[in-house]
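Residue numbers (full-length UniProt numbering), protein chains in the order written: chain A, 1 to 512; chain B, 1 to 512; chain C, 1 to 512; chain D, 1 to 512.
To keep things clear, I will list the structure first and then write my remarks on it.
Protein chains: 4
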Amino acid sequence: MSTPAKKTATNARKKATAPPTYANYIQGAWVPSKNGEVFANHNPADTRDIVGYFPHSTAEDIDAAVAAAAEAYPRWRLVPPPKRAEYIFRVGEILIRDKEAISRDMTREMGKVLKETRGDTQEAIDMAYFVAGEGRRLYGQTTTSELANKFAMTVRDAIGVCGLITPWNFPIAIPSWKILPAILCGNTVVIKPAEDTPLSVYRFVKAFEEAGLPPGVVNLVTGYGETAGAPLVTHPTIRLVSFTGSTQVGRLIATQAADKGKKCSLEMGGKNALIVMDDANLELAVEGAVWGAFGTTGQRCTAASRLIVHKKVIKKFTQMLVERTQALRVGPGLDPANEVGPVINQDQLERVLHYIDIGQTQDKAKLLCGGKRLTEGDLAHGYFIAPTVFGDVAPQAVIAQEEIFGPVTAIIPCQDFEEALAIANGVGYGLSASIYTSDINRAFHAMRDLETGICYVNAPTIGAEVHLPFGGVKGTGNGHREGGLQALEIFSEWKTLYVDFSGRLQKAQITD
Amino acid sequence: MSTPAKKTATNARKKATAPPTYANYIQGAWVPSKNGEVFANHNPADTRDIVGYFPHSTAEDIDAAVAAAAEAYPRWRLVPPPKRAEYIFRVGEILIRDKEAISRDMTREMGKVLKETRGDTQEAIDMAYFVAGEGRRLYGQTTTSELANKFAMTVRDAIGVCGLITPWNFPIAIPSWKILPAILCGNTVVIKPAEDTPLSVYRFVKAFEEAGLPPGVVNLVTGYGETAGAPLVTHPTIRLVSFTGSTQVGRLIATQAADKGKKCSLEMGGKNALIVMDDANLELAVEGAVWGAFGTTGQRCTAASRLIVHKKVIKKFTQMLVERTQALRVGPGLDPANEVGPVINQDQLERVLHYIDIGQTQDKAKLLCGGKRLTEGDLAHGYFIAPTVFGDVAPQAVIAQEEIFGPVTAIIPCQDFEEALAIANGVGYGLSASIYTSDINRAFHAMRDLETGICYVNAPTIGAEVHLPFGGVKGTGNGHREGGLQALEIFSEWKTLYVDFSGRLQKAQITD
Amino acid sequence: MSTPAKKTATNARKKATAPPTYANYIQGAWVPSKNGEVFANHNPADTRDIVGYFPHSTAEDIDAAVAAAAEAYPRWRLVPPPKRAEYIFRVGEILIRDKEAISRDMTREMGKVLKETRGDTQEAIDMAYFVAGEGRRLYGQTTTSELANKFAMTVRDAIGVCGLITPWNFPIAIPSWKILPAILCGNTVVIKPAEDTPLSVYRFVKAFEEAGLPPGVVNLVTGYGETAGAPLVTHPTIRLVSFTGSTQVGRLIATQAADKGKKCSLEMGGKNALIVMDDANLELAVEGAVWGAFGTTGQRCTAASRLIVHKKVIKKFTQMLVERTQALRVGPGLDPANEVGPVINQDQLERVLHYIDIGQTQDKAKLLCGGKRLTEGDLAHGYFIAPTVFGDVAPQAVIAQEEIFGPVTAIIPCQDFEEALAIANGVGYGLSASIYTSDINRAFHAMRDLETGICYVNAPTIGAEVHLPFGGVKGTGNGHREGGLQALEIFSEWKTLYVDFSGRLQKAQITD
Amino acid sequence: MSTPAKKTATNARKKATAPPTYANYIQGAWVPSKNGEVFANHNPADTRDIVGYFPHSTAEDIDAAVAAAAEAYPRWRLVPPPKRAEYIFRVGEILIRDKEAISRDMTREMGKVLKETRGDTQEAIDMAYFVAGEGRRLYGQTTTSELANKFAMTVRDAIGVCGLITPWNFPIAIPSWKILPAILCGNTVVIKPAEDTPLSVYRFVKAFEEAGLPPGVVNLVTGYGETAGAPLVTHPTIRLVSFTGSTQVGRLIATQAADKGKKCSLEMGGKNALIVMDDANLELAVEGAVWGAFGTTGQRCTAASRLIVHKKVIKKFTQMLVERTQALRVGPGLDPANEVGPVINQDQLERVLHYIDIGQTQDKAKLLCGGKRLTEGDLAHGYFIAPTVFGDVAPQAVIAQEEIFGPVTAIIPCQDFEEALAIANGVGYGLSASIYTSDINRAFHAMRDLETGICYVNAPTIGAEVHLPFGGVKGTGNGHREGGLQALEIFSEWKTLYVDFSGRLQKAQITD
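Okay, structure coming up:
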């Protein structure tokens, strides 16, 4: 995840008429920020369109939300998990019912095309059904004891109040990855979504409300990182901070959490390689590269921002890729004819253009297509960038090392399989990787030796399913995984239980 | 774990004759510290006895050891885990053979009685056999995919070079908890043991050498926290820091690790409650309290430093406990007649005596027995403290809140079961707890509601078995567990693998 | 489960007007039996009430159903499990919607009170949500290989066409235990429900139809054991037979299945002990005994048909139990005031009365209450038996050894805990057991030493939850368990996969 | 496994001098058969060499052994599993020490070459270390309850006395697969090994004796199937029968076990296909085919007895295979120069020659090499058959459908991948399969669609590792797997435990 750069905000009381004003959700009630301030949420495809006004919250609001969560915690922790799960199943059903409306709102507030926002919503649905399945599982272990008449076992226990900080690129999917396992495990939460996408989380939280979730279990506070996120991270009652976003912000949060003795889970940046071997199905590889590089306008932590291509096929691959890229239709995501939407905001626009400049000037890479903002007609009102492909990029080039988080990808030539792996592993991140090859031996070698948390064979670097762990190594994470049962390791603590029913003092390891 | 306070060290080149001088183990060779300096390791039961001289290592030595581990890593990672396990089984067999000698050395260097050092060695043996069993397990998951002709699975992968920092109270058991799963998972390690107990770890490392472990997989560097531990924590090549020790030092290490983007696992302090209900088997409870409070001279992170006793039985319990405590025979651990050995060093002696003073003066608690240093005869040459029981201690008293890490325990009266739980949970730590009761309903309520990582019923707060997770919540840990399969979550990273064998681009969650 | 004794059937073409005629469900269509014959389904609370007519199917119908299942199998096996699960979630939602109607029908056709038939339907709902959760799990294992460059893993695979034979006492819950995991695992099924309760299964199958399940995946054939069940068991295409019913019939089926090389899963009879210790909460124990013995009119395989009571409390317990039993209101289950309904049919009525006679004459036990058919007023039209308690029953008495499957329980005195266990274990069955005691040591000893598949502490012998394994040892089963993930062991086969990507011949265990 | 055809036996009291006479092992003592009779164990490579005389046991001996096992059971069941495991680790260490001697004895009594008998012994060693690892695992599950204040969990329990019947082709490996998990789970056993290989099991049992296993836990009775095996299967005290051998005998045993209500686990025949695709590494495929077909003289249940080869490469493959086959050196296994040993006995010799005759006459297949007994020089005293390859074999030919269990393989041509799968699946067995292909898509399709319990990619059909499940579908098994954790499903029963600590009657699924 890249740094969630800020949209221009109106830190003023709302004046205009049309766009609705939304509220925080604290203790089961919809309330404005204590200071009464709001910020505007713009449509990145047309900044004239204000989606709504959201509370510009500060530490006071965080305090209230954390207090609500703390109050709800002892009771929620004792609700039998199958009952907790019933709320989540209901949330899943509500999301199915409202999928289209939620997805349209999401496209409007963050830009990616409707097909993808539907996928985003679907991911929250899938996560709801998957996580709710833990209501009747949450397995711990019974095991043996080395001592007679002693019983030994483990159970999972809740942690307490969790602070969740989520980005704008998967506005409902990522919150679902955090909120759902957190509350299934018996925790209560306060979520502070990115200031660019509060509406999607609002709609998500509405589903919890409709499902009848007890007040205080899920609390929503909108606002900015410095003013609302920071006090959440350092709040003494918060036992766990779960963050998805840039590596830079993630490290800072982790350091603060460590200093305060909080548990901390991070999902951060990526610089993901898609390797194309000489025996690859090129058609398939190109299609995967296009989708991997430009899906979500390249604003995925798993985006295929590096294409490592075998010299034998690089010429043909490049030609096919550029052709396909140039044919991509860019425009507002609500128009079903468009394939690529805008980037999220002005800062992000500038950041991407800056990297495109570096690629040409500093890295001396070959700009094959794209490389500029699109401003024809109504596009001028949005943050549109033409999908950009660089060729002949050196593995150590800036655009081959740093996360751009936009519709830009870099073709890096390689001599053979071993070099491909070395290049792929030669970055500071370790989130996702992909290899296109028809050879089973190479595929298994790659799966073993690629230094990433996720690895695809003959599929692009993106496309995780909710029931498998998601996350990365090296600069990408701090050892945790979301998705899959591995998420339970974040949101619960193991408790080891020994019952000695021998009626006498027994000592493990010690012979009297 | 309390702060590993330092022994008086001789930061000078060794002059005397008799005591042997030991070396660091780097890249399969025994080498002195680069600066040639050593420190003396004294017998805490008789400080005239110098156990040996050990390298007073600094950053240079750490660099060499980390380099060795880094060099060994790529090859070791590819050794099939069943083969890795064979080395560990062999280590287990060697420890069985040398158990008595190792245990005597351990008593000599750190003081606890021989019966307990044998238990300590046995724990490393048990851990070896348990962890080696993962050589043919290390299970990941195969699972389903929502897309046809797509295969999805997870595997565990190694992390890289691990830095391990271990305390003096379980000089071989705790290193075994870290080294064994670390290398079984394919990592290589550098261990920096407490300066008070380098000999035990030396002997442990000798077993790896004899087992034929490839050079560089396990490296040992002795020295002090500031000079040898600190550079290990911050070394850029180190991917994971695993620390057992005081909460204060642990937080500092965690903060540094977070700042550098390293994974970090912490096992820290405890203030463990042993609850005695009115329906408890009092005989058993007293025996458990004595063993829980004074085993290892109270220097266990799981020591029963709080005894929360129901008012109906407190009088009788107190009388029985004091009687049993006063009967404990204190003296050098090598004499089989002794039941309680010395504390580890001068700093720790002073720290414990200081808390005993606070208990009397500031906390106004009732000193029921012990409370002073023992200096009769040869005891004067050691760090002996009479086992100490305080009565009528308030839940908020300093000695009922802070970790003392010595032979001191505090009896806290309670009115009923609910109050007992509230007192038990009313501290900043969350490692171990215990309840003595014959009532099954109370036992299950307590197991559910005690806020600790480990909970015992009708057994003292100490006595973990290697195959169950060990660690705590709140101020005790940062979410990880050692022991059991849970240790694998520390020493490996999940890798998610998707193989799409459909021959076409498929998109999870998205319907075209 | 006892032998499903037959209701009087009208093996004639249907003549009357009012009651509806139902059909078999084969290949997604509702079809009559090939011979056109039907049998009547009577209300056991009032045999004048004909619930409906159902196909009196024979081998021809079984052939057609098996053929449909076989045809559907190859495609269904390849439907991604998350998609299979979506059908099952939908079935769960439909059952929630229709819960009341289904439950009323169920009470009408098999007699148990409405509160219990609602529980029966709820169990199918719970099972649907639980099993569907496996759609994104179905975990196999990735593991290590002792050889380099070799990958090893396991997956679960489907088995083929399954033949399911289910009893009348849990007319929808038990079919849900079999159909749902069977189809989730990729199998297709033919179910032959007990002739006493075809309507409940009809309603269940309607839910699959409404959910859009592909034709042929679930097929329903109604009829009798000899004419429809037998040809299902021996059909050459059937790969697995899953049966719940009497031990006698189960053994016969298992023998036939073994002879034909089919997999076979059996859940059979029980003779379950509820132990009451002298330290038990007597109020709770009596309540549990009444519910355990007379719930479902005693027609549960887990019914508490033996009450083993400590001599110190037997007098009081007996008095309280008889009092509570005599107060039970017996009558048609649709009347909410009634607590106990009729037994299922004439054969079962006679069987129970026969055992009551044996208890008095042969066993010389003391009839404390009940012991006769109830025929006052409209009860004369149903199969009502007064809840019956025998006292002073010897452990070896017929009524303490054989499964009665009716509202009859036997109080057996015991001297102490050890004798209680010996009596409890002294029968040929091993399904469920229960102990009432407040002592934690006794509870854990009992949980360890009771020879049953299910064991309760301070709860009656009945009340399983869907996500835990259900089944028994000794005469009760053949090693399988339904419910929980253990059900997957029945309905799938493990497949071990090795991929050698070394490019050379490697030999496990062998050193060249 | 094929039918263990009998060696010529001397059912007479031993007269000669040299060869030793061995005894049964019952209740920790070495005892002759009650009738005092023995049978001779010949060396199949030279029948003049009598390996020893073994008890010709009957029902009386079985009775004594079962009684010993039954007596030992209650105590052994309560030995803490980590302690049970220590015996097994010790057995593993003894086998390592004696590996060479055991392996030489094994070659002498059953013929396969020394390299392979060393592998056989190694497999028992690996199994010992693997299974012993369960001593500190044997995991059951703690889980949630839908009711408040109720605890729910599962544990594994022992079954009782197990009867084990093992074949001669893996004389120590297969007994290790059964005995070790059986006793680790707390059962006691009686083993009746094949009459052709009693010495190997004798040596195995000696290791248990030396390890100090309590008397009665493992009992050995030698003899024939009809006289010693049959009474073991039907003995009323036996709770579980585990059999490896022919499908014919297996079905009979299963039927008897079902009739008596015993649990039964079967590993039976195979007719395993090795598929060679046109994109295969032919060199590797040929090497794999030779090893798969002629390893253990083809007497493996996993032998590659069918080679399904793509038409494009069949000519070259055939030529290479025949060349390699003809070069195999056949002779006594103790001579390290030999690669293929004799078949086990006269019956098996005749059976294999009979199939070779059928292949030529009835199946009209092309005999490419081998096809006859070898009788030159000393070979005349042994049961040697030249490695035999048939070409142009039709999928439905007798030699392509029935298990031969000898050094005979059949090349079957195929048109494409789909046909290869269809042919591979077109037999009544389902044990092992293998595919040689470099294409990852084909490999994954094959792994999914081959109807076997074990599947290899680019490795022959043989070579299982102990920690993965072993066994098959269709005619090969009855749903169980040996090896891996799946073996625990055979040798233990699940017990579900519910503890209600609410103090009131709660009812699952039912709302009052």
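The beta carbon of each residue, even a glycine, is placed where N, CA and C say it ideally should be.
Item                                                                                                                                  : Value
Own chain residues within Cβ distance below 8 angstroms of Val-286/B, not counting five before or after                               : Phe-317, Met-320, Leu-321 and Arg-324
Contact check, Phe-54/A vs Pro-214/A, beta carbons under 8 angstroms                                                                  : no
Neighbour flag for Pro-214/D against chain A, beta carbons, 8 angstroms                                                               : no
Cβ pair Pro-20/C, Gly-111/C closer than 8 angstroms                                                                                   : no
Rounded separation between Gln-486/B and Ile-399/B - CA only                                                                          : 32 angstroms
Chain-ordered chain C contacts of Gly-503/A [CB-CB under 9 angstroms]                                                                 : Asn-441
Backbone CA spacing between Thr-255/C and Glu-116/C [nearest angstrom]                                                                : 34 angstroms
Residues of its chain near Asp-157/C, where Cβ-Cβ distance is below 7 angstroms and the 5 sequence neighbours each way are ignored    : Ser-492, Glu-493 and Lys-495
Below-8 angstroms beta-carbon distance, Val-201/D vs any chain A residue                                                              : no
Reference Thr-296/C, options Ile-344/C, Leu-505/C and Pro-175/C, closest by Cα                                                        : Ile-344/C
Local conformation of Leu-282/D per DSSP, three classes                                                                               : helix
Lys-311/B, buried or exposed, once every other Cβ within 10 Å from all chains shown has been counted against 16                       : exposed
Bridge partners - Arg-306/D, DSSP secondary structure assignment                                                                      : Ala-273/D and Ala-410/D
Beta-carbon spacing of Val-113/D, Asn-338/D below 8 angstroms                                                                         : yes
Ser-145/D at chain A interface by Cβ criterion, 8 angstroms                                                                           : yes
Cβ-based burial, Asp-105/D [other Cβ within 10 Å; buried from 16]                                                                     : buried
Own chain, CB closer than 8 angstroms to Gly-479/A, minus 5 neighbours either side, in chain order                                    : none
Interface partners of His-445/A on chain C, CB under 7 angstroms                                                                      : Phe-501
C-alpha distance - Ala-394/D paired with Ile-385/D, whole-angstrom precision                                                          : 23 angstroms
Per-residue burial, Thr-188/B [other beta carbons within 10 Å of its own, 16 or more giving buried]                                   : buried
Reference residue 561/B, options Arg-118/B, Ala-72/B and Thr-107/B, closest by Cα                                                     : Because chain B here runs from 1 to 512, residue 561/B falls outside it and cannot be looked at.
The region 200 to 208 of chain C touching the region 168 to 177 of chain C, judged by at least three CB pairs closer than 8 angstroms : yes
Option in Leu-497/D, Glu-134/D, Ile-102/D and Ile-358/D with minimal Cα separation from Asp-120/D                                     : Ile-102/D
Member of Gly-216/D, Ser-200/D and Ile-404/D whose CA lies at the smallest distance from the CA of Gly-186/D                          : Gly-216/D
Cβ-based burial, Gln-122/A [other Cβ within 10 Å; buried from 16]                                                                     : buried
8 angstroms contact criterion, which Leu-147/D and Gly-288/C should meet: CB distance rounded                                         : That pair is no contact at about 14 angstroms.
Test: Pro-236/A CB closer than 8 angstroms to a CB of chain B                                                                         : no
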